[in-house]
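These notes concern the structure reproduced below.
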Amino acid sequence: MTSVAFLAVFIWAFIGYYSARARALYLVGGVVRDLNSLPRYYGFFVALCILLPGFLFFFLWKSLSSFFLEKRILFFFSDRISDFSSLEVNAFLRNVPGFSDRIQSAGRGPISEKTDLLFDASVLYAHDQWLCNIALVFLTFLVCFLCFMRALHLVTPCMRARARVESFIWWVLACSSAVAVLTSIGILMSLLVQAFRFFSIVPVHEFLFGLHWSPQLSMRPDQFAGSGTFGAVPLFVGTALITVIAMCIATPIGLMSAIYLSDYASLGFRAWAKPVLEILSGIPTVVYGFFAALTVAPLIRYYGELLGLGVAAESALAAGLVMGIMIIPFVSSLSDDVICAVPQSLRDGSAALGATKTETVIKVILPAAFSGIVNALLLAVGRAVGETMIVVMAAGLAPNLTLNPLDVVTTVTVQIMALLSGDQEFDNPGTLAAFALSLVLFFVTFILNLTALRVVRKYRERYD
Amino acid sequence: MTDTQKCKEYFPDATGGASGCAVKLHGRDVNVFYDDKQVLFDVNLAIGEKMVTALIGPSGCGKSTFLRCFNRMNETISSCRVAGRVELDGFNVRDIDVVELRARVGMVFQKPNPFPKSIYENVAYGPRIHGLAGTSAELDDIVTSSLERAGLLEEVHNRMNELGTGLSGGQQQRLCIARAIAVNPEVILMDEPCSALDPIATARIEELIDDLCQNYTIVIVTHSMQQAARVSQRTVFFNLGKLVEEGDTTQIFTNPHDKQTQDYITGRFG
Ligand SMILES: Nc1ncnc2c1ncn2[C@@H]1O[C@H](COP(=O)(O)OP(=O)(O)O)[C@@H](O)[C@H]1O
Ligand SMILES: [Mg+2]
Chain Y
14 MTSVAFLAVF IWAFIGYYSA RARALYLVGG VVRDLNSLPR YYGFFVALCI LLPGFLFFFL
74 WKSLSSFFLE KRILFFFSDR ISDFSSLEVN AFLRNVPGFS DRIQSAGRGP ISEKTDLLFD
134 ASVLYAHDQW LCNIALVFLT FLVCFLCFMR ALHLVTPCMR ARARVESFIW WVLACSSAVA
194 VLTSIGILMS LLVQAFRFFS IVPVHEFLFG LHWSPQLSMR PDQFAGSGTF GAVPLFVGTA
254 LITVIAMCIA TPIGLMSAIY LSDYASLGFR AWAKPVLEIL SGIPTVVYGF FAALTVAPLI
314 RYYGELLGLG VAAESALAAG LVMGIMIIPF VSSLSDDVIC AVPQSLRDGS AALGATKTET
374 VIKVILPAAF SGIVNALLLA VGRAVGETMI VVMAAGLAPN LTLNPLDVVT TVTVQIMALL
434 SGDQEFDNPG TLAAFALSLV LFFVTFILNL TALRVVRKYR ERYD
Chain B
48 MTDTQKCKEY FPDATGGASG CAVKLHGRDV NVFYDDKQVL FDVNLAIGEK MVTALIGPSG
108 CGKSTFLRCF NRMNETISSC RVAGRVELDG FNVRDIDVVE LRARVGMVFQ KPNPFPKSIY
168 ENVAYGPRIH GLAGTSAELD DIVTSSLERA GLLEEVHNRM NELGTGLSGG QQQRLCIARA
228 IAVNPEVILM DEPCSALDPI ATARIEELID DLCQNYTIVI VTHSMQQAAR VSQRTVFFNL
288 GKLVEEGDTT QIFTNPHDKQ TQDYITGRFG
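The listed protein sequences derive, respectively, from chains Y and B.
Read left to right, the first sequence gives residues 14 to 477 (this note's numbering).
Read left to right, the second sequence gives residues 48 to 317 (this note's numbering).
This is the structure:
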């Protein structure tokens, strides 16, 4: 039934498009030049005039009718549910639609024997819903028809149909970007609210500068938010340590492979190596994670012991190494783009002065691509900071405050995950701490991206 | 050792300044291919020392390609293959180390292409690469004198640390000439150096070319007949990858022997 109404809107829009086109042409006797806009714009205009009100009506009716259906059930059975608590009433209302579906699909046969409340309500509901849907189809049809008549009436040779369609498209695009921006703001707001709740329990300075992190302790009632329990410094240090290790791997290798691809490799090699690199950056990080945990960590442990070093089974080094490997394609693909964007004329100019390829790369191309490369590296740091799975699998959960890459460390993201993955009360400080950590993470990535943006903007005009 | 041949031998029709000079560059049976497409056919051309030779012809006839044979810039294009012999002072350029060759044969491009570095660094780039300056004072000297000879010093002497890309188009092109001069070349190849410039900037470059030919052998590709007539002593006309006619500039423009040349310079071409 509903789909019929849906279809009706489309069919009317379709009819509207062709009628408007035909009418526009008819009004000027087929001379397109006399029209303000091309005939198809009149078509689009009328189609939009039908689609928008049609769907608006459709969705309004749908939401309003379900509201009134509930009200009607409550009213009709008010004597039988008078002793229900509000929770019970809600549960009852939630169950009615599903139950009525089941009755309908089971057929009408065995129904009459049952007389309990849910059943009666469902029968009523099904009946009302049926009426509503019939009405929906007719009314949608009517609305579309009225819109069609009205819009078609507006079609005159001097109507500025193209401008109207353009402004409609402007609105659609503006609304989409508003959705994107508003969602981000909404997320940030909810983060802020929860983080403030956390900071009303644990002081900010204790969270930012405390050296001891053990959220589990606070779950015991007698140790509620004990002092030093939520000091996040070990997490920050752990994150920084792993990120630094990762960047130490990814920066040189990524950059050098980008230089190779853009300036040294043959066209044929480049043609398939570049897509392969881009595919590599699409491998899910869990895959890298078990590679880290099952292959790299034991290897490091083995060689560490050969050298007489005490290496934990899971180590910052293993996580950092694998994370570095993970972001190599990211770095190299982004830097390859900016290196290739350096104009060929600069390469020619340098070569014509007798510079070798390497001299050209070091003295002309890298400086010219500098801002883009910094941008790529900052984005890569952002990814490393936000990465979770590899660390969970390879670096562990122990919040040690250490700079030793062979130790177990943990990171901000891993702790967020650990804090939220249990079944805990929502206003437990342990759970709220996750929001505070997320807030920190948000600001760090935000500042990284902002810097990246500014670096790019500052140096963009250096060559055209 | 320099293999000098009297230009009478190569320029039998030479008059005035062109006679009595040595051959600097020599292309013998030059054939050039991009992949399988041949764009130059058996080009033979001798270019005299310390004079300006203009290469003219309709676009796509292979002037730039021919010019790039002299400093082996065609090698930077992977699809390009050069057959035949190209000589600098009688030596095959293929036997000269490419770094040395390009230090001796400088090039100025159609579109000014200063590096996104300071004016000073742009000019110092070549000398640094070739280790021409022992001390920073020497480097300063080279930079100032190159800018001076390129006629740019006056305009930039108090902003040597500003970006070279911030100059005007004509200044950028003179900066590129200064950059080429700084490595002390013997030959300067110019590929339509004025085609991106306004008439005033063009006039300045033309004056500059007049000055420079005292010390350098200059080969200039140009699509402007007036420019060829103004700046060059010798003119070479190319068409469809073949060298059609060469001769003294005055002779080419007043009394061309070939019908195609005549059509081209009188604008009745194609
Ligand atoms: N990189 C290249 N790859 C393939 N063909 C080229 C390339 N450069 C030039 N050509 C071809 O070679 C011919 C001569 O080009 P060019 O030397 O640039 O001519 P001109 O400088 O006289 O206008 C043209 O037909 C052009 O299409
Ligand atoms: Mg050209």
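No residue lacks a Cβ here, since even glycine has one placed at the ideal position from N, Cα and C.
Below 7 Å from a heavy atom of ligand 3 - residues by beta-carbon: Among the ligands in the structure shown, ligand 3 does not appear; only ligand 1 and ligand 2 can be found there.
Cα-Cα separation between E372/Y and R360/Y, rounded to whole angstroms: By one-based count along the first sequence, residue 372/Y stands at place 359. By one-based count along the first sequence, residue 360/Y stands at place 347. Going by the C-alpha atoms only, they are around 10 Å apart.
Within chain B, the residues that S358/Y reaches when beta carbons sit closer than 7 Å: If you number the first sequence from 1, residue 358/Y lands on position 345. Under a criterion of Cβ atoms nearer than 7 Å, the residues of chain B adjacent to S358/Y are, in order, F156, K158, N160.
Same chain, Cβ closer than 7 Å to V145/B, five either side skipped, listed in chain order: Within the second sequence, numbered from 1, the residue matching residue 145/B stands at position 98. For V145/B, where only same-chain residues beyond five positions count, the Cβ hits under 7 Å are R119.
Among M260/Y, E291/Y, I262/Y, C261/Y, nearest to L274/Y - alpha-carbon criterion: For the purposes of this step, residue 274/Y is identified with residue 261 of the first sequence, where counting begins at 1. Comparing Cα-Cα distances from L274/Y to each of M260/Y, E291/Y, I262/Y, C261/Y, the minimum goes to E291/Y.
The alpha helix (DSSP H) enclosing I103/B, as first and last residue numbers: To locate residue 103/B, count along the second sequence from 1; it is residue 56. I103/B -> not in any alpha helix (DSSP H); beta strand (DSSP E) instead, spanning 99-103.
Reduced DSSP secondary structure (H/G/I, E/B, other) of Y263/B: As a working note, residue 263/B is residue 216 in the second sequence. Here Y263/B sits in coil by DSSP.
The region 82-100 of chain Y in contact with the region 126-146 of chain Y per 3-pair CB rule at 8 Å: Verdict: yes, contact present.
Which listed residue (N262/B, R151/B, N231/B, G198/B) has its alpha carbon closest to that of A171/B: Start at 1 with the first residue of the second sequence, and residue 171/B comes out as number 124. Ranking N262/B, R151/B, N231/B, G198/B by Cα distance to A171/B puts N231/B first.
C-beta neighbour in chain Y for S165/B, strict 8 Å: Here residue 165/B refers to the residue found at position 118 when the second sequence is read from its first residue. So, not an interface residue.
Collapsed DSSP secondary structure at V468/Y in the structure displayed: What you label residue 468/Y is simply residue 455 of the first sequence in a count that begins at 1. Helix at V468/Y.
Complete alpha helix (DSSP H) runs within the region 120-197 of chain B (minimum length 4 residues, chain order): Uninterrupted alpha helix (DSSP H) stretches at least 4 residues long and entirely within the region 120-197 of chain B occur at 145-151, 166-177, 183-196, given in chain order.
Partner residues on chain D for A150/B, Cβ-Cβ distance less than 8 Å: Absent from the structure: chain D. Protein chains present are Y and B.
Own chain, CB closer than 7 Å to E195/B, minus 5 neighbours either side, in chain order: Within the second sequence, numbered from 1, the residue matching residue 195/B stands at position 148. So the list is empty, once near-sequence residues are dropped.
Supposed contact pair V99/B and I256/B - C-beta distance, whole angstroms, cut 8 Å: Start at 1 with the first residue of the second sequence, and residue 256/B comes out as number 209. Start at 1 with the first residue of the second sequence, and residue 99/B comes out as number 52. Indeed, because the Cβ distance is near 6 Å, the residues count as touching under 8 Å.
Bridge-paired residues (DSSP) for G95/B: For the purposes of this step, residue 95/B is identified with residue 48 of the second sequence, where counting begins at 1. Looking at the DSSP assignment, G95/B forms a beta bridge with V70/B.
heavy atom of ligand 1 below 7 Å from I124/B C-beta: In the second sequence, counting from the first residue as 1, residue 124/B sits at position 77. For ligand 1, at least one heavy atom lies less than 7 Å from the Cβ of I124/B.
Proximal chain B residues relative to G295/Y, where beta-carbon distance stays under 8 Å: Here the question's residue 295/Y lines up with position 282 in the first sequence. In chain order: nothing, as chain B lies at least about 31 Å away.
G362/Y at chain B interface by Cβ criterion, 8 Å: Taking the first sequence and counting its residues from 1, the one referred to as residue 362/Y is at position 349. Residue contact with chain B for G362/Y: present (Cβ-Cβ distance below 8 Å to some residue of chain B).
8 Å Cβ cutoff met for L47/B and G211/B: Missing from the structure shown is residue 47/B; chain B here goes from 48 to 317 and no further.
Validate contact between the region 350-365 of chain Y and the region 153-163 of chain B using beta carbons, cut 8 Å, 3 pairs: Yes: at least three Cβ pairs fall under 8 Å.
Members of the region 103-126 of chain B near chain Y, C-beta cut-off 8 Å: Taking a C-beta cut-off of 8 Å against chain Y, the contacting residues of the region 103-126 of chain B are N118, M120, T123, S125, listed in chain order.
Local conformation of I235/B per DSSP, three classes: One-based indexing of the second sequence puts residue 235/B at position 188. In this structure, I235/B counts as strand in the three-state DSSP scheme.
Proximity test, Cβ basis, 8 Å: Y172/B and chain Y: Numbered from its first residue, the second sequence carries residue 172/B at position 125. So, interface residue.
Own chain, CB closer than 7 Å to T264/Y, minus 5 neighbours either side, in chain order: Taking the first residue of the first sequence as position 1, residue 264/Y is located at position 251. V344, L390, listed in sequence order.
Segment limits, alpha helix (DSSP H) that includes L290/B: Indexing the second sequence from 1 puts residue 290/B at position 243. For L290/B, there is no enclosing alpha helix (DSSP H); the residue is part of the beta strand (DSSP E) that begins and ends at 289-295.
Y81/B beta carbon near ligand 1 (any heavy atom closer than 7 Å): Your numbering for residue 81/B matches position 34 in the second sequence. Result yes, Cβ under 7 Å from ligand 1.
L87/B, DSSP secondary structure in three states: Residue mapping note: residue 87/B aligns to position 40 of the second sequence, counting from 1. Of the three classes helix, strand and coil, the one that applies to L87/B here is strand, per DSSP.
For N286/B: DSSP bridge partner residues: Looking up residue 286/B in the second sequence gives position 239. Bridge partners of N286/B: K289/B.
Proximity test, V291/B beta-carbon vs ligand 1 heavy atom, cut-off 7 Å: Taking the second sequence and counting its residues from 1, one reaches residue 291/B at position 244. If you check the C-beta of V291/B against ligand 1, you find no heavy atom less than 7 Å away.
Residues from the region 198-211 of chain B in contact with chain Y, defined by Cβ distance under 8 Å: Against chain Y - using a Cβ distance shorter than 8 Å - the residues of the region 198-211 of chain B are L210.
Distance between A449/Y and E219/Y (C-alpha atoms, nearest Å): Mapped onto the first sequence, residue 219/Y falls at position 206. Mapped onto the first sequence, residue 449/Y falls at position 436. Rounded to whole angstroms, the separation of the alpha carbons of A449/Y and E219/Y is 12 Å.
Residues sharing a beta bridge with R281/B, DSSP: Residue 281/B sits at position 234 when you count from the first residue of the second sequence. DSSP lists T100/B, D295/B as partners of R281/B.
Cβ-heavy atom distance, G131/B to ligand 1, below 7 Å: Residue mapping note: residue 131/B aligns to position 84 of the second sequence, counting from 1. Set against 7 Å, the gap from the CB of G131/B to the closest heavy atom of ligand 1 is not smaller.
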